[in-house]
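What follows is a single structure, written as structure tokens, with notes after it.
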Amino acid sequence: MDLVVINLIDGLFYGLLLFMLSSGLTLIFSMMGVLNFAHASFYMLGAYFAYQISMYLGFWMGLLIAPLIVGIAGAGVERYGLRRVHQYGHVPELIFTFGLALLIEELVKFFWGNNLMAYQEPEILKFALFSVGANAVPAYKVFMIFTSIAIFVGLLYVLTRTRVGMIIQAALSYPRTVEALGHNVPLVFMGVFGVGTALAGVAGVLAGPVLGTFPGMAFVLGSIVFVTIVIGGLGSLWGALAASLLLGWLTTFAASSSFQFADLLNFFGMTRPEDMSESYLRDLWSLTLPQIGPILPYILMVLILVFRPYGLFGKRDV
Amino acid sequence: MTDTYQKTATVTKAPVFSMAQVAPWVIAVIFLMVLPIAFGSNSAITIMNQMMITIVFALSYNMLLGQGGMLSFGHAVYMGVGGFFCMHLMNIVEANELPIPLPVLPIFGGLFGLGLATIVGSFSTRKAGTVFAMISLGIGELIAACSVIIVAFFGGEEGMPGDRTYFLPFFGTEFLRQIEVYYLIAFWTVLSALLMYLFSRTPVGRMANAVRDNPERAEFLGYSARWVRFFSFCGAGFFAGIAGGLFAINYEILTETNLSTTQSGIILLITFLGGVGFFFGPILGAIAFTLLQSVLSLQSEIWQLYLGALFLATVMFFPGGLAGVLMMHVPAARMGRLGWLVGPYLRTILPALIGIAGLAALMELLFHVRHSATGDTDMTLFWVTFDSHSILPWIVAIVATVGGIWLARQGAPKLRETWHRANTPGAAKTTGGAA
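Residue numbers (this note's numbering), protein chains in the order written: chain A, 1 to 318; chain B, 1 to 435.
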């Protein structure tokens, strides 16, 4: 029981982290119709910038300033890169963001090297808040969970209750009409791109101390974020939330389960062969659920794309 | 890809094969035959083998991206799986002494790639664009992850080794020497390239272009966009499998890296750099990339940074890639006006190159200062050894960068004007002449 509670908390932590990335990505997608491959790279930039700032000004200033820089960088990429490539069509746009992801990783290696950075959570949050059974829950994780929830609520409020949010929503569906009404739609797009990347930056600042700040961190999380928004339904904020939590809990529970496929084979009346080296099923006998945990999201995504291309909550086809 | 420079089918019935179509192939064959005589060293042959395998792989990728408009992030899977299958076949032949000669091995790799592509294509080609890209990414990650789980087929982390010399001798050749492998790979490269070219000329290949540009209209003409995409996808899988077979023969080992998404990303990069709008684009890309890789990686630790910047610049400014840039000059060449461009080109590109070299020098200096061991201040750049912590090299690099780029910007308007006139029929070489 203790283990279940701990897994629930860990899954929530991971799911909300995913959500901070996928919410920005899904907003950007519904706006420009293009998946931003470099989104996780902005997450990485957030972590690195925050590390650099925290060396001089401490963690809290890093949390404040780093996402701002990342957001400005993101807006710049939209203004001077994506807008230019837009005229060639969607596939070149996708290739552009892919190239950007490559370049950002190389730039990070260039400035900070290949090693893990010594980026740590602030001293004030370095204690166990409470413990479930024998497992302690760090205060930092709880802080992160509440920060993400606050960001989600704030985002929802801005999008649905304010004038700016109304214009953004209208611009997503009918850009030409909104433009005819006198609003600067390209500026709205640039702003949404900036805010989306800044959200990724926040996720990076918060996740850097826990998951490690290294040049591969974008690659590790990058494709999972895509999987999340495809499963949730492209362009749907609630879908992104649901899919993030689903994937968070799925991977956490799979990683800690003790299920072995040998049990399944035994259940179907197969017996373990004596000489394992001769059997072509030998890998199946030694397979455990934690081993295939990391690929479960991909299986889920392919199934979703084949049987329900709209995703769980999506309204439009990808 | 909405590139408009791809030659469209001519309406009039042309002879099946014209001299201009056959000539490049004959030249290519002769070129490949004499190449090892000119560059006979082992390292040169190693690079050329790698180049030819990359050519087959890149061409097969372009069947998807350039000709079919399908962006795949998991194409390495078909090459890798084909290669792994060939490796198993190699070991089976060795164990059972089957009478199979080595040169036919890539066919089996191709067939296995085709089989996998048929299964995956049956559901992934329903849509192009983002859906296809995402499914290809998912399948790619899935199979790459399986490579560490299914040890029986993929050999786990050590990979799958084999030995090509146990095959039936082929006209007395046992493929012990690199040069023999070279000719084997060259044969398959030419054959696959020719087959892929012919595929692009068939009605299915032509329809692939139509479906890429306007699937709706193609459907109105009575073609199923899905089936057309499916055929292209299977063809691409087949030739990727052949490339995998060649890889197995050349390196005699396959590891999980061959399946990774990084590998799929590299082939996208190569194909796009070469140019997706023309059949020969990926060939240029493969040659340029392999050369860059083998030369730059020896010279610089940050060559991947340059590669990334080059790739991004290509996407932003030259979406036609190398081939596109070359073919831009065809109209001017037809009018015999390439000579007009030489002067302005020299005045713009030479300073630009100096500027880029200066920028690269700055990057190298910065990298050296940040990452070299303390006390190690000597670095060698452009065949000069100097102290990276002194001020002089920095000044030289900054002057070269700023000066080069400034001069290039000065020359650019003149170049643009000359370019415009060289491409306008009836225009005079200099302003003030008869229009």
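No residue lacks a Cβ here, since even glycine has one placed at the ideal position from N, Cα and C. Since the model is a prediction, treat every value here as computed from it, not as a measurement.
{"Query": "Have a look at Phe193/A, Ile167/A, Asn184/A and Leu206/A and flag the residue whose alpha-carbon is nearest the alpha-carbon of Ser148/A.", "Result": "Leu206/A"}
{"Query": "List, in chain order, every chain A residue whose beta-carbon is nearer than 9 Å to that of Leu137/B.", "Result": "Ser223, Phe226, Val227, Tyr298 and Met301"}
{"Query": "With the cut-off set at 8 Å, would you say His371/B and Gly191/A are in Cβ contact?", "Result": "no"}
{"Query": "Are the beta-carbon atoms of Ile267/B and Trp188/B separated by less than 8 Å?", "Result": "no"}
{"Query": "Counting pairs of Cβ atoms below 8 Å between the segment 301-310 of chain B and the segment 93-100 of chain B, do you hit three or more?", "Result": "no"}
{"Query": "Could you tell me the distance, in whole angstroms, from the CA atom of Ile295/A to the CA atom of Ile143/B?", "Result": "9 Å"}
{"Query": "Would Ala309/B pass as an interface residue toward chain A - the criterion being a Cβ-Cβ separation below 8 Å?", "Result": "yes"}
{"Query": "Can a CB atom of chain B be found closer than 8 Å to the CB of Arg79/A?", "Result": "no"}
{"Query": "Let me see if you follow: with CB-CB separation under 8 Å, is Glu291/A close to chain B or not?", "Result": "In the sequence as displayed, the identity of residue 291/A is Gln instead of Glu. With 8 Å as the cut-off, Gln291/A counts as an interface residue toward chain B."}
{"Query": "Could you spell out the range, first to last residue, of the beta strand (DSSP E) harbouring Phe386/B?", "Result": "Val384 to Asp387"}
{"Query": "I need the boundaries of the beta strand (DSSP E) containing Val104/B, first residue and last residue.", "Result": "That residue, Val104/B, is in no beta strand (DSSP E); it is neither H nor E in DSSP."}
{"Query": "According to DSSP, simplified to helix, strand and coil, what is Gln260/A?", "Result": "strand"}
{"Query": "Would you report the Cα separation of Phe313/A and Glu157/B, rounded to the nearest angstrom?", "Result": "39 Å"}
{"Query": "Put Phe170/B into one of helix, strand or coil per three-state DSSP.", "Result": "strand"}
{"Query": "Just curious, the beta strand (DSSP E) that Ala136/A is in, first and last residue?", "Result": "Asn135 to Pro138"}
{"Query": "Any contact of the segment 259-269 of chain A with the segment 49-59 of chain A, i.e. 3+ C-beta pairs under 8 Å?", "Result": "no"}
{"Query": "With distances taken Cα to Cα, identify the nearest neighbour of Ser41/B among Gly113/B, Tyr182/B, Arg226/B and Leu114/B.", "Result": "Tyr182/B"}
{"Query": "Closer than 9 Å, Cβ to Cβ, to anything on chain A: give me those residues from the segment 377-405 of chain B, in chain order.", "Result": "none"}
{"Query": "Are the C-beta of Gln304/B and some C-beta of chain A separated by less than 8 Å?", "Result": "yes"}
{"Query": "Identify whether Val276/B lies in helix, strand or coil by the three-state DSSP scheme.", "Result": "coil"}
{"Query": "Residues of chain A with a CB under 9 Å from the CB of Ala145/B: which are they?", "Result": "Ile292, Pro294, Ile295 and Tyr298"}
{"Query": "Use the C-beta contact count for Pro413/B: other C-beta atoms within 10 angstroms, 16 or more gives buried, fewer gives exposed.", "Result": "exposed"}
{"Query": "Using DSSP bridges, identify the partner residues of Pro161/B.", "Result": "Ile253/B"}
{"Query": "How should Pro425/B be labelled, buried or exposed, when 16 other C-beta atoms within 10 angstroms of its C-beta is the threshold for buried?", "Result": "exposed"}
{"Query": "Check whether the Cβ of Arg83/A lies closer than 8 Å to any Cβ atom in chain B.", "Result": "no"}
{"Query": "Is the beta carbon of Ala225/B sitting closer than 8 Å to the one on Pro215/B?", "Result": "yes"}
{"Query": "In three-state DSSP terms, what is Ile265/A?", "Result": "Inspection of the sequence shows that residue 265/A is occupied by Leu rather than by Ile. Helix."}
{"Query": "If we call anything under 8 Å between Cβ atoms a contact, is Thr252/A one with Asn7/A?", "Result": "yes"}
{"Query": "Could you list the residues in the segment 83-104 of chain A with a C-beta less than 8 Å from some C-beta on chain B, going in chain order?", "Result": "Arg84, Val85, Tyr88, Gly89, His90, Val91, Pro92, Leu94, Ile95, Phe96, Phe98, Gly99, Leu100, Leu102 and Leu103"}
{"Query": "Should the segment 111-120 of chain B be regarded as contacting the segment 71-88 of chain B, the criterion being three or more beta carbon pairs within less than 8 Å?", "Result": "yes"}
{"Query": "Is it right to say Asp10/A is buried, meaning 16 or more other beta carbons lie within 10 angstroms of its own, or is it exposed?", "Result": "buried"}
{"Query": "Residues in its own chain within less than 6 Å of Lys141/A by CB, not counting five upstream and five downstream?", "Result": "Phe13"}
{"Query": "Take every Cβ of the segment 251-267 of chain B, pair it with every Cβ of the segment 97-114 of chain B, and state whether three or more of those distances are shorter than 8 Å.", "Result": "no"}
{"Query": "In chain order, which alpha helix (DSSP H) runs of at least 4 residues are fully inside the segment 399-428 of chain B?", "Result": "none"}
{"Query": "List, in order along the chain, the chain B residues whose C-beta lies closer than 7 Å to that of Gly113/A?", "Result": "His371"}
{"Query": "How about Phe272/B and Gly324/B: are their beta carbons less than 8 Å apart?", "Result": "no"}
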